[in-house]
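Participant: Would you mind keeping the following structure in view while I ask a few things?
Protein chains: 2
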Amino acid sequence: MADEVLFEFLHMEMVSHVYKEQQSNKGEMDNKVAICISILEGMGFRVGQGLIERLTKDSPSFKDELDIMKFICKDFWTYVFRRQVDNLRTNHQGTYVLQDNKFTLLTQLSSGKQYLDEAPKYLAYSCGVVRGALSNLGLDSVVTAEVSLMPSCKFQVVIQKL
Amino acid sequence: MADEVLFEFLHMEMVSHVYKEQQSNKGEMDNKVAICISILEGMGFRVGQGLIERLTKDSPSFKDELDIMKFICKDFWTYVFRRQVDNLRTNHQGTYVLQDNKFTLLTQLSSGKQYLDEAPKYLAYSCGVVRGALSNLGLDSVVTAEVSLMPSCKFQVVIQKL
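Chains as they are written, first to last, in this note's numbering: chain A, 1051 to 1212; chain B, 1051 to 1212.
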């Protein structure tokens, strides 16, 4: 209980710090938001790399891409976000949609549509965490998140083929 | 286990982000370090305020200042840093020294004297957490930390009398 609160509070502070810091810089509004998202995503990326290394150090290797995605949805999600992904969909061509109906980092915000505009900044770090984990498992990807009703959230993972 | 790693990794990223960001600003080196410390301390302060509110919501009220400090050393320390303070000293005039022989946020760094110069930046956030907690318990304080041999650490709390 303590640790999760510790993490959640620090996460909130970090988001607000990154945004405040950018506000004091000159530049266009849209550009600033993009910079903030990118900073948070980058932090998440490095954390995701570290986490997956610890988590898989005694695991057998994975069969294929789908096997990796299943691991992300079950073990990794439980390890990081304390619940499993509720639904995983794929087009079998490298695009995956992970639906979490009660995403941890959104549960502190009011449910419903009121703060929908605020959601993206609380998801950037998590997108990075997922991308970092996949990256250390050998998959380059683009990870984005979409919220239509809090605290439910859809992550889209598009694997980049070389 | 997962949550603590999640927190520790995010903490590391945050420290490195705050330092990197200041490096790109113009200004003197000493001044920059002071700004970084102050940013991290400020984040910790707000987190400490939040944590203590949760932790004490069902607690009876405290008898006196020493009673509060004992609570910080036992319950609060365990809640936040997963162990109790090893030793608490006081001059009975508002100064307290809390010694933690194996401080959580230093255990990831090499033990010994090699990285002693790096320690302060990993302690600023924690000093803030303690100061924030005390503040919400009605005690204004100045909290500093000192390391002479990692991962052991001494926090000095000086209560500010009005």
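C-beta: ideal position from N, C-alpha, C; glycine also.
These numbers come from a predicted model, not from an experiment.
Would you report the Cα separation of I1118 (chain A) and L1101 (chain A), rounded to the nearest angstrom?
Facilitator: Whole-angstrom Cα-Cα distance: 15 Å.
Participant: Kindly indicate the opening and closing residues of the alpha helix (DSSP H) around C1203 (chain B).
Facilitator: Per DSSP, C1203 (chain B) belongs to no alpha helix (DSSP H); it is in the beta strand (DSSP E), S1202 to I1209.
Participant: Quick check: the region 1141-1160 of chain B against the region 1192-1203 of chain B, are at least 3 beta-carbon pairs closer than 8 Å?
Facilitator: Yes: the two stretches touch, three or more of their Cβ pairs being nearer than 8 Å.
Participant: Closer than 9 Å by beta-carbon distance: list the chain A residues that pair up with G1182 (chain B), in chain order.
Facilitator: Neighbours of G1182 (chain B) on chain A: none; closest Cβ ~10 Å, over 9 Å.
Participant: Suppose only complete runs of 4+ residues qualify. What are the alpha helix (DSSP H) ranges in the region 1105-1166 of chain A, listed by chain order?
Facilitator: Here the runs fully enclosed are 1115-1121 and 1127-1131.
Participant: With DSSP collapsed to three states, give me the class of M1051 (chain B).
Facilitator: Low local confidence applies: a pLDDT of 46 at M1051 (chain B) is under 50, so the model's placement there is unreliable, and no value is given.
Participant: DSSP on D1196 (chain A), reduced to helix/strand/coil?
Facilitator: The sequence given here places Glu at residue 1196 (chain A); Asp does not occur at that position. Strand, per DSSP.
Participant: List, in order along the chain, the chain A residues whose C-beta lies closer than 7 Å to that of G1162 (chain B)?
Facilitator: Within chain A, no residue comes near G1162 (chain B); the closest Cβ sits about 23 Å away, beyond 7 Å.
Participant: Got a sec, what are the start and stop residues for the alpha helix (DSSP H) S1185 (chain B) sits in?
Facilitator: Run containing S1185 (chain B): A1169 to N1186, per the alpha helix (DSSP H) assignment.
Participant: Excluding the five sequence neighbours on either side, which residues of its own chain have a C-beta within less than 7 Å of the C-beta of L1103 (chain B), listed in chain order?
Facilitator: The residue you asked about is not Leu; residue 1103 (chain B) is Glu in the sequence shown. Closer than 7 Å at Cβ, skipping near neighbours: N1186.
Participant: Spell out whether any CB of chain B is found under 8 Å from the CB atom of V1065 (chain A).
Facilitator: No, V1065 (chain A) does not count as interfacial toward chain B.
Participant: Whose Cβ in chain B lies nearer than 8 Å to the Cβ of F1057 (chain A)?
Facilitator: By Cβ distance, chain B contributes D1053, L1056, F1057 and L1060.
Participant: Count the other CB atoms within 10 Å of the CB of E1078 (chain B); is the residue buried (16 or more) or exposed (fewer)?
Facilitator: With fewer than 16 Cβ atoms within 10 Å of its Cβ, E1078 (chain B) is classed as exposed.
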